[in-house]
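The structure appears below as structure tokens.
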Amino acid sequence: MPFTRRGLSAGAFGVLSLGLLSFPACAEPIHIGIAQWGRHPQLDAVNTNFRAALSAQGFVEGKDVVYDWEVANFDTSILPQILNKLKSANPKLIMTISTPVAQSAKQTLKGAGIPIVFAAITDPIKAKLVADWEHGSDDMTGSSDQQNAGSIVEFTKKLLPGIKKLGVLYNPGEDNNLSVLERLKSAAAPAGIEIVEAGCDNAADIPIRVTALKGRADAVFVPTGGMMQPAIPAISAAAAQISLPVVNSSAVSARDGLVLAGYEVNYDDVGRAAGEIAAKILKGAKPADIPPVRVGKDDFKVVISGRELKKLGMTLPPALADCHCVVE
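The opening residue of the sequence shown carries number 3 in the working numbering; numbering runs sequentially from there.
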């Protein structure tokens, strides 16, 4: 399925912008591999804007670049297979979308001499992709979708002014989920909010974990991740049974009326940042010399479901009266 290129705008990642260069015509376009965890609006946005950023830097699809794109369909068992398939095309660079894909690439492509640009990684340090935020590794760097925990807590308090306890659904087997949980705990305590953990390592048990929050939490937050996001319909159904407001890290689910609110990182910017990093590498920079980047405090999209407000017997709080973010 071809991706439509989109225009670029200045944002948190503007610091990465490069001047346009002219490239001599090549007999053959270079190959760039893209390994994507699964089809999801957030991940698709990363893919689209990665390509758009490279095009803006002079790497035009079909002329200068051929993209070899593989999707894992949220299945870790096939990641080595698709990564080796991408490797066989002799790419100049491989871009990985999501933490499981990047972690698998680090192992599968070790010693291959192929630069890897990751994107949509919540915590590249905890995932052992890089050592710190100041440097890439020898073969890998990229852009993070790490949500600002303070911003999440601040938004949740505006949406639910009386909140005292916030449940957090998470998969203890996903490093990105553990990172979110730790940072939310640190941000919530000064705000007078207690974090109620709802860990689950089996997708079939997620509805049980949600209903177990009845009387223990005033709302539940759902982070990004390979287990939780595909389970949003089940989370929505279970939460509805106990009238529990859901704040999700994806805005699409709020537009669809599945959750009360979506507080989402701007994934267009995440993809653009990864594309600008890739352009630097293709022009000769080393991954180790390019620090991974992350979103700023205000780089979020907010969507509140008018349908869910009514279901929960709520009205939009005064603090959000001018948000222009309610969809029916």
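Don't be surprised by glycine CBs; every beta carbon is placed ideally from N, CA and C.
Residues of its chain near residue i, where Cβ-Cβ distance is below 6 Å and the 5 sequence neighbours each way are ignored
i	result
glutamate 196	Lys167
phenylalanine 157	Tyr265
isoleucine 34	Val67, Tyr69, Pro93 and Leu95
asparagine 179	Tyr172, Asn173, Pro225 and Gly227
arginine 309	Gly259
serine 24	Any reading at serine 24 is ruled out, since the residue's pLDDT is 46, under 50, leaving its predicted position unreliable.
aspartate 46	none
serine 100	Trp39 and Ala122
proline 26	The predicted position of proline 26 is uncertain, since its pLDDT is 47 and thus under 50; no value can be drawn from it.
alanine 253	Gly264, Glu266, Lys303 and Val305
phenylalanine 61	Val67
cysteine 28	Because the pLDDT at cysteine 28 is just 47, under 50, the model does not fix this residue reliably, and the value given afterwards should be weighed accordingly. Once the five neighbours on either side are set aside, cysteine 28 has no close Cβ partner at all.
alanine 205	Met229 and Ala233
Sheet register partners of residue i (DSSP bridge)
i	result
leucine 311	BP columns for leucine 311 are empty, so no partner.
asparagine 250	Val224 and Gly264
glycine 286	Answer is none; glycine 286 lacks a bridge partner.
aspartate 125	According to DSSP, which records beta bridges pairwise, aspartate 125 is partnered with nothing at all.
lysine 303	Glu266
valine 295	Ser145
aspartate 1	Residue 1 lies beyond the range of the chain shown here (3 to 330); nothing can be said about it.
valine 329	Ser307
Cut-off 7 Å between Cβ atoms - residues of its own chain near residue i, not counting five sequence neighbours on either side
i	result
alanine 290	His137, Gly138, Ser139 and Asp140
serine 255	Ile234, Val261 and Gly264
glycine 315	none
glycine 175	Asp203
leucine 56	Val67, Gly277, Ala280 and Ala281
serine 19	Residue placement at serine 19 cannot be trusted, given a pLDDT of 44 that sits under 50; the coordinates are not used to answer.
proline 117	Leu95, Asp141, Ile283 and Pro289
histidine 42	Gln231
C-beta atoms of residue i and residue j nearer than 8 Å
i	j	result
threonine 110	leucine 131	no
serine 153	valine 295	no
leucine 88	proline 102	no
glycine 277	asparagine 51	yes
valine 119	glycine 273	no
serine 188	alanine 236	no
glycine 115	valine 73	no
leucine 171	methionine 230	yes
isoleucine 292	lysine 285	no
glutamine 44	alanine 122	yes
valine 155	alanine 190	yes
serine 181	aspartate 125	yes
aspartate 177	alanine 129	yes
glutamate 199	leucine 183	yes
valine 248	aspartate 147	no
tryptophan 71	isoleucine 32	no
alanine 104	lysine 159	no
valine 328	arginine 257	no
glutamine 149	serine 251	yes
isoleucine 165	aspartate 207	no
Contacts around residue i, its chain only, beta-carbon distance under 8 Å, and the 5 residues preceding and following it disregarded
i	result
alanine 239	Pro209
glutamine 243	Thr213
proline 163	Pro319 and Ala321
threonine 317	Leu311
leucine 186	Ala151, Ile154, Val155, Leu168, Val170, Ile197 and Phe223
Extent of the continuous alpha helix (DSSP H) to which residue i belongs
i	result
glutamate 156	151-161
Residue span of the beta strand (DSSP E) that contains residue i, given as start and end
i	result
histidine 33	32-38
methionine 142	142-146
Distance cut-off 7 Å: residue i Cβ against heavy atoms of the ligand MG
i	result
histidine 326	As for the ligand MG, it is missing from this structure, which has no ligand bound.
Quick check for students: name the residue ranges of the beta strand (DSSP E) that lie wholly in the stretch 59-123, counting only runs of 3 or more.
Taken in chain order, the complete beta strand (DSSP E) segments of 3 residues or longer contained in the stretch 59-123 are 67-73, 95-99 and 118-123.
Mind pulling the beta strand (DSSP E) runs of 3 or more residues that sit fully within the stretch 165-246?
Fully enclosed beta strand (DSSP E) runs of 3 or longer: 167-172, 196-201 and 221-224.
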